[in-house]
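Q: Numbering (the numbering used here), first residue to last: 28 to 539.
The structure that follows is given in the form of structure tokens.
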Amino acid sequence: MTKQKLNQILKYGPWVEEEGPASFCIIDHCKTCYIDSIYAHKKKFFKTCIYSVFNRYAREWTSREDAEKLLVWLLEKLKKNSSFLKTKDNFFNRIVKQTRVFSNRIQQLNFHALSDAELLKIFKEASDLNKRQYGYSLITESTDLLTERDYIKFLEKASIKETPEIVRILSLPPRRTFFDEFEMRSAELVIALKRKYKNQIPKNFRDISDLKIKAGITRLRNEFYWLDNSFKIAKSLKTNEIYEKIKVKFKDFPLKKILHEKKRLQQKPGVIKFGHRKIHQKYQIPPNAKRLFLLIQYLTALQDRRKELVLRFGSSLGKVLDELSLRTQIPRKELEMYLQEEIVELLTKKTKISKGLIRKRQKTVFVGYYKGRHTAAECFSGKAAEQIFQRLMREREKLPQGQLNGFVASVGKRGRFVIGKVKIIFDPQGRTIGSDEILVTGMTRTEFVGLMKKAKAVITNEGGITTHAAIVSRELGIPCIIGTRYATEILKNGDQIKMDMRTGLIQKNERR
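As structure tokens, this is what we get:
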């Protein structure tokens, strides 16, 4: 990439930003995801996508203007053709099915018996499926810029006070998420264990005497081995690890609460449908608003399925890297610093990269761009990466002082104002949070759910009605403000803050 081309790309702002813990190799496989729409949709929705990965923490930059244009395009398509989303969904469902079949097959393979050529084939197939699903599902990014003011314009007959609750109900698709499915199945097993063993659960999976329960846990593992993955972690859960999750529920919750949770999850689709009907009857939602919320429901469900496919990809990639580490004697952590083409070179020509290059890649920036009819990305590391990163950070708006504004994703059940202490957590692994603390992070993912359930409220930098934090907080009734952009930079651990759940204003008081 020429310096002129790079400068041109870096002028595509203002930017929409996302962030979170991530490994170099996972970001390498996603580095062109926004511009891969050229394959799935035959359109260039985004001019570029830029990723920085500094010490296993990633930031993403995409054009704000491109996201706005994408939303307009989707709504226009839906207006002209009411079956537009169904047609697109049929295409994506084929990718979902292919990915599930592929990743499940991978779990059954004896990797030690595979030749290098067979291992390479698996690596390429996993990478290709991941690229295809991202090229299609990136349309979910179109709603990241919507704010409460946008919804008010669509909801003419609702008062401003009622808008957040209407948005909460109408933005939920009438379905269970993959995490809901896991929780429901886990609840069924916990109920069976409590009825069988009362208060003394077997310590280890192998100690379970009830064969039916044992088979149920095995099936759960075979369907959700990918659950703990993220943009940072790529592995496959073992049966005993699934059992450990079940044991936590067994010990922490009484039977009555588990039964209630199972019933809630079973009834969830019907409850959401009823909520939709009630809102439509009460407010006579206009056609343009109906189209907007139909799109949001679809994109919310699409984002959940996309997340599943990303986690499944992580399991497949982890299997390949583990086997490759055994064959080459290269530590797994070093292999995670290889580019895709370098993994291919390692398998075909035994070519290794230097430890110096691995150290340099602790600070990396990927810049995605179009190369003729195809997509490509340039990898900048070390000093060059720092220069690009600093330039992007300098172009941000001046940080607000003393207070923040965001979008109220969930009003919660604590009234208009929520007061509590800040706890900033970027990586949830091994972290805890108190009931009087407010979780502040860049963005949440599945592995944050446990912390979210215990926190007094949630604040994120990332915005968008279809983001994970917005979806989960609405379902659980947790106060949540998203899209603040700078919360993790302005707020400090221990800060006493007040959240206005009507306006999205966050005020910082003196630290205690």
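We put the beta carbon where it would ideally sit given N, CA and C, even for glycine.
(1) Could you tell me which residues DSSP pairs with Glu464 in its beta bridges?
(2) Short of 7 Å in beta carbon distance, which residues of its chain neighbour Thr515, apart from the five on each side in sequence? Order them along the chain.
(3) CB-CB under 6 Å to Glu92, same chain, minus the five flanking residues each way: which ones, in chain order?
(4) From the DSSP output, which residues share a beta bridge with Pro608?
(5) Assess, as a yes-or-no matter, whether the stretch 298-309 is touched by the stretch 160-176 under the definition of 3 or more beta carbon pairs within less than 8 Å.
(6) State the beta-bridge partners of Cys406 as determined by DSSP.
(7) Determine the extent of the beta strand (DSSP E) in which Asp527 is found, giving its start and end residues.
(8) On the three-state DSSP scale, how would you describe His139?
(9) For the pair the stretch 279-294 and the stretch 237-246, tell me if three or more CB-CB distances fall below 8 Å.
(10) Run through DSSP, which three-state label would Ser257 get?
(11) Run through the DSSP bridge pairs and tell me what His68 is partnered with.
(12) Cα-Cα, which of Thr471, Val499, Ser462 and Val438 is closest to Asp527?
(13) Can you name, in chain order, every residue of its own chain whose Cβ lies under 6 Å from the Cβ of Gln35, other than the five neighbours on each side?
(14) Note the first and the last residue of the continuous beta strand (DSSP E) segment covering Gln534.
(15) Please state the DSSP three-state secondary structure of Leu112.
(16) Let's see if you can read the secondary structure: which residues bound the beta strand (DSSP E) around Leu431?
(17) If we require 4 or more residues per run, which alpha helix (DSSP H) segments fall completely within the stretch 145-228?
(18) Short check: CB of Thr378 to CB of Glu369, under 9 Å?
(19) Within the same chain, show all residues whose beta-carbon is closer than 7 Å to that of Leu532, passing over the 5 residues directly before and after it, in chain order.
(20) Report back the beta-carbon spacing between Phe416 and Ser198 to the nearest angstrom; my notes put them in contact at under 8 Å.
(21) So Phe119 packs on Leu97, CB below 8 Å; how close in whole Å?
(22) For Asn520, count the other beta carbons within 10 Å of its own beta carbon; 16 or more makes it buried, fewer makes it exposed. Which is it?
(23) Note the first and the last residue of the continuous alpha helix (DSSP H) segment covering Ala316.
(24) Would you tell me roughly how many angstroms separate the C-alpha atoms of Thr473 and Ala316, rounded to the nearest one?
(25) Taking one C-beta from the stretch 312-332 and one from the stretch 342-354 each time, how about it: are there three or more such pairs within less than 8 Å?
(26) By DSSP, does Ile498 sit in helix, in strand, or in coil?
(27) Is Ser263 closer than 9 Å to Gly345 when the C-beta atoms are compared?
(28) What first and last residue would you give for the alpha helix (DSSP H) that runs through Ala94?
(29) Can you list, in chain order, the residues of its chain whose CB lies under 6 Å from that of Phe475, leaving out five sequence neighbours each side?
(30) When the Cβ atoms of the stretch 121-131 are set against those of the stretch 151-170, are three or more pairs found closer than 8 Å?
(31) Nearest to Ser342 by alpha carbon, out of Ala219, Ile149, Lys58 and Met28?
(32) Can you list, in chain order, the residues of its chain with a C-beta nearer than 8 Å to that of Leu326? Leave out the 5 residues immediately preceding and following it.
(33) Can you give me the Cβ contacts of Tyr61 inside the same chain, cut-off strictly under 6 Å, excluding the 5 residues immediately before and after it?
(34) Going by alpha carbons, who is nearest to Glu363 out of Lys30, Phe51, Glu45 and Val43?
(35) According to DSSP, is Cys57 helix, strand or coil?
(36) If you reduce the DSSP assignment to three classes, tell me which class Tyr78 lands in.
A: In terms of the structure at hand:
(1) DSSP lists Lys448 as partners of Glu464.
(2) So the qualifying residues of the chain are Ile451, Val467, Thr468, Gly469 and Asn488.
(3) Hits under 6 Å: none found.
(4) As shown, the chain starts at 28 and ends at 539. That puts residue 608 outside it, with no answer to give.
(5) No: the two stretches stay apart, fewer than three of their Cβ pairs being nearer than 8 Å.
(6) Beta-bridge pairing links Cys406 to Phe393.
(7) Counting along the chain, Asp527 sits inside the beta strand (DSSP E) bounded by residues Gln523 to Asp527.
(8) It is helical.
(9) Contact between the stretch 279-294 and the stretch 237-246 is absent, because fewer than three Cβ pairs lie under 8 Å.
(10) DSSP places Ser257 in coil when its eight states are reduced to three.
(11) Under DSSP, His68 forms no beta bridge with any residue.
(12) With distances taken between Cα atoms, Asp527 lies closest to Val438.
(13) So no residue of the chain qualifies.
(14) Start and end: Leu532 to Lys535.
(15) Of the three classes helix, strand and coil, the one that applies to Leu112 here is helix, per DSSP.
(16) Segment Gln430 to Asn432, the beta strand (DSSP E) holding Leu431.
(17) Those alpha helix (DSSP H) runs which fall completely within the stretch 145-228 and span 4+ residues are 175-181, 190-197 and 205-224.
(18) Contact: yes.
(19) In chain order, Gln430 and Asn432 place their CB closer than 7 Å to the CB of Leu532, counting only its own chain and leaving out the 5 sequence neighbours on each side.
(20) Your pair Phe416 and Ser198 does not check out as a contact, with CB atoms roughly 34 Å apart and the cut at 8 Å.
(21) The beta-carbon distance between Phe119 and Leu97, rounded to whole angstroms, is 16 Å. This is too long to meet the 8 Å contact definition.
(22) By the Cβ neighbour-count rule, Asn520 is exposed, with fewer than 16 other Cβ atoms within 10 Å of its own.
(23) Per DSSP, Ala316 belongs to the alpha helix (DSSP H) from Pro314 to Thr355.
(24) The alpha-carbon separation between Thr473 and Ala316 amounts to approximately 29 Å.
(25) Flag = no, the stretch 312-332 and the stretch 342-354 do not touch.
(26) The answer is helix: DSSP assigns Ile498 an H, G or I state.
(27) Yes, they are a contact pair.
(28) Arg91 to Lys107 is the extent of the alpha helix (DSSP H) around Ala94.
(29) Annotation for Phe475: Pro455 place their beta carbon closer than 6 Å to its own, counting only its chain and skipping 5 residues before and after.
(30) Touching, per the Cβ criterion.
(31) In this structure, Ile149 is the residue among Ala219, Ile149, Lys58 and Met28 with its C-alpha nearest to the C-alpha of Ser342.
(32) Here the set comprises Ile166, Thr167, Ser169, Thr170 and Thr493.
(33) Leaving aside the five residues that flank Tyr61 on each side, the residues in its chain whose CB is nearer than 6 Å to its CB run, in chain order, Phe73, Cys76, Thr89 and Leu165.
(34) For Glu363, the nearest C-alpha among the options comes from Phe51.
(35) Annotated three-state conformation of Cys57 is helix, per DSSP.
(36) In the structure shown, Tyr78 sits in a strand (DSSP, three-state: E or B).
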